[in-house]
Every structure is written in structure tokens, then in C-alpha cells.
Amino acid sequence: GQQVMQIPQYQHVQEGEDFTTYCNSSTTLSNIQWYKQRPGGHPVFLIQLVKSGEVKKQKRLTFQFGEAKKNSSLHITATQTTDVGTYFCAGPRTGANNLFFGTGTRLTVIP
Amino acid sequence: DGGITQSPKYLFRKEGQNVTLSCEQNLNHDAMYWYRQDPGQGLRLIYYSQIVNDFQKGDIAEGYSVSREKKESFPLTVTSAQKNPTAFYLCASTSGTGRNNEQFFGPGTRLTVL
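Going line by line, the protein sequences match chains R and W.
Numbered per this note's numbering, the first sequence spans residues 245 to 355.
Numbered per this note's numbering, the second sequence spans residues 4 to 117.
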């Protein structure tokens, strides 16, 4: 069946260090979305990537979509305590009108 | 303000009782979804609906039921047949088909079955 794996599952960083999470799909995706869930909160949409090799930036966050459209990454430069949370990638589910969410990467930032 | 509301935020029930979680949206979205999230886990799709009076099973539909009588509302019933119902339940909606559009999530209901 379809799988979307994210690595690492957990990451602890010192404030100011960089952080990267990787998303790997078992199938080619027409697009990929990223969400952030703060502790105790609900997922909030961050961005969508559509084109092969696409790179988008939001302040300290850089998102990439792989050339083969089967993987993606989220890189945070100089983490801050406000970056704490779980980051999920999601792609269209094969043969259905909904999203398949990745396993998530939980980021802890140590002040 | 447009958005999705879920109530209550915390819900406690005794084992063997059915319980219904509410989800309302005023975003005029066609598609609505129910997810289950266990501690430290990802989101697993329970049911989804693309249009009023129609819904489809997701990955873990057993022990759950839904209805979609109005566009704005998509209640989820956790039945006594659900063997491990304690979890965080998230409702979401999206415009369009749901494959290519962002999903808007409600604040969630944390259900504890005693």
C-alpha cells in the first residue's frame, strides 16, 4: 500500500541550530503539502509544492520537492523556540480524493 | 470568522457507550474529513465526505459511523464496537476535491474512555 515516511521521527536541537526533515513517498506525487502541529494543537497548513525540483522559502523555512516527485524536505535555519512542534508532509492518496499524511517529525528546541 | 469548530474539547465516556463528536464549518467547503491521532503518531483517516449525503470509509473506519445531512456538519459517532477509542480526533475540511487543496483543521476533541 501507499506509504509516506518521514525521517527523523524525533529531533532535538539547540536553539540557533539548523533542522531538516525528509519525506519519502512510495509513489510519485502530483503535489506535496507540509503542515505544522504545535504541542496540544491542530495541524496548520504551511505550503504546497507542485513542480518537480521546486524550492520555496518562507522566512527561515525552505521547502524542496524532489526531481522525481517522490520526496521532499523542510529545512529550518537557526531554529527558535517557536519552531517547536510536529511537522507533517502529505500527498494525494492514490485513487482517492484525499490526502495521505506522513508519519511526522517531532522537533524539540532547547533554549 | 470563518473556520471549523469541534466540541467539546475534552470528552470522557464509560466503556461500552456510544459517543458523538461534532464538527461544524462555515467555510462553504464541500469536503470534510475525520482523523484519529494517537500520542506521538501521525494522522489516520477514519471517514471522509465529498458531498452532502455521501461519505466513504478511510483507513480505520471500523467502529465508527458518520453522517453528512448538511454541508456544514459532519458528526462522528464512536461506537462501542471501537476497541480502543481513546485518542485525539481531528476534523478537517477543504474546498474542491481534496487532492490538491490545503486542509483546514478544527481544534480537535480529546476523547477518553474510562
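The beta carbon of each residue, even a glycine, is placed where N, CA and C say it ideally should be.
These figures come from a predicted structure and were not determined experimentally.
- For residue 57 of chain W, the three-state secondary structure derived from DSSP is strand.
- In the pairwise beta carbon analysis, the segment 28-37 of chain W is classified as touching the segment 62-76 of chain W: at least three pairs are separated by under 8 Å.
- Within its own chain, the residues whose Cβ lies closer than 7 Å to the Cβ of residue 39 of chain W, once the five positions on either side in sequence are excluded, are 47, 49, 63, 90, 92, listed in chain order.
- Nearest to residue 252 of chain R by alpha-carbon distance, out of R:332, R:343, R:354, R:277, is R:332.
- One alpha carbon belongs to residue 338 of chain R, the other to residue 278 of chain R, and they sit about 18 Å apart.
- Looking at the DSSP output, residue 27 of chain W shares a beta bridge with W:8, W:76.
- The beta carbon of residue 272 of chain R lies closer than 6 Å to those of 313, 314 in the same chain, with the five residues before and after it left out.
- Distance from the CA atom of residue 258 of chain R to the CA atom of residue 342 of chain R, rounded to whole angstroms, is 36 Å.
- At least one beta carbon of chain R lies nearer than 8 Å to the beta carbon of residue 103 of chain W.
- Three or more pairs of CB atoms, one per stretch, sit closer than 8 Å, so the segment 317-325 of chain R contacts the segment 302-309 of chain R.
- If the five residues before and after residue 15 of chain W are omitted, its C-beta is found closer than 7 Å to the C-beta atoms of 115, 117, all from its own chain and listed in chain order.
- With a contact defined as Cβ atoms closer than 8 Å, residue 335 of chain R and residue 276 of chain R qualify at about 5 Å.
- Around the beta carbon of residue 287 of chain R, 16 or more other beta carbons lie within 10 angstroms, which makes this residue buried.
- Setting aside the 5 residues that flank it on each side, residue 311 of chain R is surrounded in the same chain by 296, 297, each with a C-beta closer than 6 Å to its C-beta; the list follows chain order.
- Linking residue 83 of chain W to residue 22 of chain W through their CA atoms gives a straight-line distance of about 9 Å.
- Along the segment 328-349 of chain R, the positions whose C-beta sits under 7 Å from a C-beta of chain W are 332, 336, 341, 342, 343, 345, 346, 347, 348, read in chain order.
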